[in-house]
Amino acid sequence: MRLMKRLSILLALLIPFAANAQEKAPPHIMFVMHGGAGTITRGSMTPEVEKQYRDKLEEALRTGQAILMKGGTSVDAVEAGIRVLEDSPLFNAGKGAVFTHEGKNELDSAIMEGKTKMAGAVAGVTIIRNPISAARAVMEKSPHVMMVGRGAELFATKMGLEIVDPSYFWTERRWKGLQQELLKEQERQANPHAEIKSDDETRHGTVGAVALDAAGNLAAGTSTGGTTNKQYGRVGDSPIIGAGTYADNDSVAVSCTGTGEFFIRWTVAHDIAALYQYKGLTVEQAGNEVIHKKLEAVKGDGGAIILDRKGNFAMPFNSEGMYRGWIGPDGVPHVLIYKE
Ligand code: ASP
Numbered sequence: 019m020r021l022m023k024r025l026s027i028l029l030a031l032l033i034p035f036a037a038n039a040q041e042k043a044p045p046h047i048m049f050v051m052h053g054g055a056g057t058i059t060r061g062s063m064t065p066e067v068e069k070q071y072r073d074k075l076e077e078a079l080r081t082g083q084a085i086l087m088k089g090g091t092s093v094d095a096v097e098a099g100i101r102v103l104e105d106s107p108l109f110n111a112g113k114g115a116v117f118t119h120e121g122k123n124e125l126d127s128a129i130m131e132g133k134t135k136m137a138g139a140v141a142g143v144t145i146i147r148n149p150i151s152a153a154r155a156v157m158e159k160s161p162h163v164m165m166v167g168r169g170a171e172l173f174a175t176k177m178g179l180e181i182v183d184p185s186y187f188w189t190e191r192r193w194k195g196l197q198q199e200l201l202k203e204q205e206r207q208a209n210p211h212a213e214i215k216s217d218d219e220t221r222h223g224t225v226g227a228v229a230l231d232a233a234g235n236l237a238a239g240t241s242t243g244g245t246t247n248k249q250y251g252r253v254g255d256s257p258i259i260g261a262g263t264y265a266d267n268d269s270v271a272v273s274c275t276g277t278g279e280f281f282i283r284w285t286v287a288h289d290i291a292a293l294y295q296y297k298g299l300t301v302e303q304a305g306n307e308v309i310h311k312k313l314e315a316v317k318g319d320g321g322a323i324i325l326d327r328k329g330n331f332a333m334p335f336n337s338e339g340m341y342r343g344w345i346g347p348d349g350v351p352h353v354l355i356y357k358e
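Each residue of the sequence shown is one higher than the one before, counting from 19 in our numbering.
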């Protein structure tokens, strides 16, 4: 009896330590972002501009990570991280969106939750400051998955999201980018047989995030201004579930960037998830299969970020560079730009 009593005293003393040890174990979280793929080389970048990109990506990574560390959901982290990049003129999303042929900014965005496979998207919106939040509102507050144009804008207004004048999205850099593209278009018309390439420096900057939260749930989101000089009403892959954005707790979370027309036709995000789920490929193998083998073969340029529930991630791209980074429980942001 005495022994039992001693044992129970010992246990009572030890239990708080065990609980404490458990409390102190960092949550198993991961947050990965991209800021677009394209012809991004060391030679094309000044150290000052490079620093601006790195700083902004680090800020966005830290923002998402802080939410995950506090037990916030993967959807919360994805939305918050993307909003930071949407508010920056550096990226082709939100404030820094590229121009259409007519000189307008038409934005696309999507978000998806891996646990429930709920998803929301908006396309061709012109007055919503943060399209990723509008995509989330469609997911959570409407019975639909995608809303476009005026309807999406009315819905966002009703939901109390921040509405801006279209001129908010005007930036000199993107305007010059459009002028260059218009000149190239004229040259192409004058010399139909010459190969006049678009300068994709004016395009890249689509942003995306994938997150794993402490509860083990995945989410993905993407936001973009699309491609410079796109025609009215053109919608890219970013807001299309399974093309530019996808998340499923049974496989992976994916956000893509690149020439949207290819990513739509090759259903890139879902194809990566399917290779992981049905073929048992790793995140690297699944990403390489689609981005390097399938897309490279047809000259579809771009990349993706991919994250599974174990926290494994990959960031394949077949272009010169891709703004990308990750941050885990230790809170140290890692940012890469070029082929390293
Ligand atoms: N994927 C985007 C689109 O086609 C553009 C990009 O990622 O650069 O709209």
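For every residue, glycine included, the Cβ atom is placed at its ideal position computed from N, Cα and C.
Give a single yes or no on whether Glu302 has its beta carbon closer than 8 Å to a heavy atom of the ligand ASP. Here the question's residue 302 lines up with position 284 in the sequence shown. For the ligand ASP, not one heavy atom lies less than 8 Å from the Cβ of Glu302.
Answer yes if the segment 282 to 298 comes into contact with the segment 258 to 267, meaning at least three C-beta pairs across the two stretches below 8 Å, and no otherwise. As far as the Cβ criterion goes, the segment 258 to 267 touches the segment 282 to 298, which means the pair count is three or higher.
To which residues of the same chain is Met136 closer than 8 Å at the C-beta, ignoring the five residues directly before and after it? Along the sequence shown, read from residue 1 onward, the residue named residue 136 stands at position 118. Once the five neighbours on either side are set aside, the close Cβ partners of Met136 are Met130, Met157 and Glu158.
Measure the CB-CB distance between Glu279 and Leu293 and report whether it falls below 9 Å. As a position in the sequence shown, residue 279 is number 261, starting the count at 1. As a position in the sequence shown, residue 293 is number 275, starting the count at 1. With a cutoff of 9 Å on beta-carbon distance, Glu279 and Leu293 are scored as not near each other.
Can you list the alpha helix (DSSP H) stretches of 4 or more residues lying completely in the segment 78 to 139, in chain order? DSSP runs (the alpha helix (DSSP H)) wholly in the segment 78 to 139: 92 to 104.
Confirm the yes/no value for this check: CB of Thr242, any heavy atom of the ligand ASP, distance under 8 Å. Counting from one through the sequence shown, the residue named residue 242 turns up at place 224. Thr242 has its Cβ nearer than 8 Å to a heavy atom of the ligand ASP.
Separation of Ser273 from Ala227, as counted between CA atoms: Position 209 of the sequence shown, counting from 1, holds the residue named residue 227. Position 255 of the sequence shown, counting from 1, holds the residue named residue 273. For Ala227 and Ser273, the gap between their C-alpha atoms comes out near 6 Å.
Could you give the DSSP three-state label for Tyr296: helix, strand or coil? Against the sequence shown, residue 296 aligns to sequence position 278. Reduced to three states, the DSSP call for Tyr296 is helix.
When you measure from the CB of Asp126 to every non-hydrogen atom of the ligand ASP, does any distance come out below 8 Å? Taking the sequence shown and counting its residues from 1, one reaches residue 126 at position 108. In this structure, Asp126 has its beta carbon less than 8 Å from a heavy atom of the ligand ASP.
Shorter than 8 Å, the distance from the beta carbon of Ser256 to the closest heavy atom of the ligand ASP, or not? For this step, residue 256 is matched to residue 238 along the sequence shown. Correct: Ser256 has its Cβ closer than 8 Å to the ligand ASP.
Whole angstroms are fine: how far does the CA of Arg80 sit from the CA of Thr240? Taking the sequence shown and counting its residues from 1, the one referred to as residue 240 is at position 222. Taking the sequence shown and counting its residues from 1, the one referred to as residue 80 is at position 62. If you draw a straight line from the Cα of Thr240 to the Cα of Arg80, it comes to about 18 Å.
Going by alpha carbons, who is nearest to Thr300 out of Leu313, Ala322 and Asn330? Numbered from its first residue, the sequence shown carries residue 300 at position 282. Checking every option, the nearest Cα to that of Thr300 belongs to Asn330.
Given this structure, state the Cα-to-Cα distance separating Ile309 from Ala315, to the nearest angstrom. Within the sequence shown, the letter at position 291 stands for residue 309. Within the sequence shown, the letter at position 297 stands for residue 315. Rounded to the nearest whole angstrom, the C-alpha separation of Ile309 and Ala315 is 9 Å.
Is any heavy atom of the ligand NAD found at a distance shorter than 8 Å from the C-beta of Glu279? Summarising the ligand content, the structure contains the ligand ASP and does not contain the ligand NAD.
For Lys328 and Asp266, what's the separation of their Cα atoms in angstroms? Along the sequence shown, one-based indexing puts residue 328 at 310. Along the sequence shown, one-based indexing puts residue 266 at 248. Straight through space, the alpha carbons of Asp266 and Lys328 are spaced by roughly 13 Å.
Residue burial classification, Ser62 (beta-carbon count within 10 angstroms, cutoff 16): The count along the sequence shown starts at 1 and reaches residue 62 at position 44. Per the 10 Å Cβ criterion, exposed.
In the DSSP assignment, find the beta strand (DSSP E) that holds Ala43 and state where it starts and stops. Within the sequence shown, the letter at position 25 stands for residue 43. Annotation: Ala43 is outside any beta strand (DSSP E) and is labelled neither H nor E by DSSP.
Per DSSP, what kind of secondary structure is His222 in: helix, strand or coil? Start at 1 with the first residue of the sequence shown, and residue 222 comes out as number 204. Here His222 sits in coil by DSSP.
Between the Cα of Val225 and those of Pro45, His46, Gly56 and Asp231, spot the shortest distance and give me the residue it belongs to. The sequence position of residue 225 within the sequence shown is 207, counting from 1. Comparing Cα positions, the closest option is Gly56.
Hey, how far is the Cα of Gly320 from the Cα of Ser151? Translated into the one-based positions of the sequence shown, residue 320 becomes position 302. Translated into the one-based positions of the sequence shown, residue 151 becomes position 133. Their backbone Cα atoms lie some 25 Å apart in a straight line.
What number of angstroms, rounded off, separates the C-alpha of Gly234 from the C-alpha of Pro44? If you number the sequence shown from 1, residue 234 lands on position 216. If you number the sequence shown from 1, residue 44 lands on position 26. Straight-line Cα distance between these residues: approximately 13 Å.
Output the residue ranges of the alpha helix (DSSP H) runs that lie fully inside the segment 194 to 261 and measure 4 residues or longer, sorted by chain position. Listed in chain order, there is nothing to give.
Proximal residues to Leu354 (C-beta, below 7 Å), its chain only, five neighbours per side dropped: Along the sequence shown, read from residue 1 onward, the residue named residue 354 stands at position 336. Same-chain partners within the cutoff: Arg342 and Gly343.
Using a Cβ-Cβ cutoff of less than 8 Å, which residues in the same chain neighbour Glu205 once the five nearest sequence positions on both sides are dropped? Stepping through the sequence shown from its first residue, residue 205 is reached at position 187. The answer, listed in chain order, is Ala212 and Ile214.
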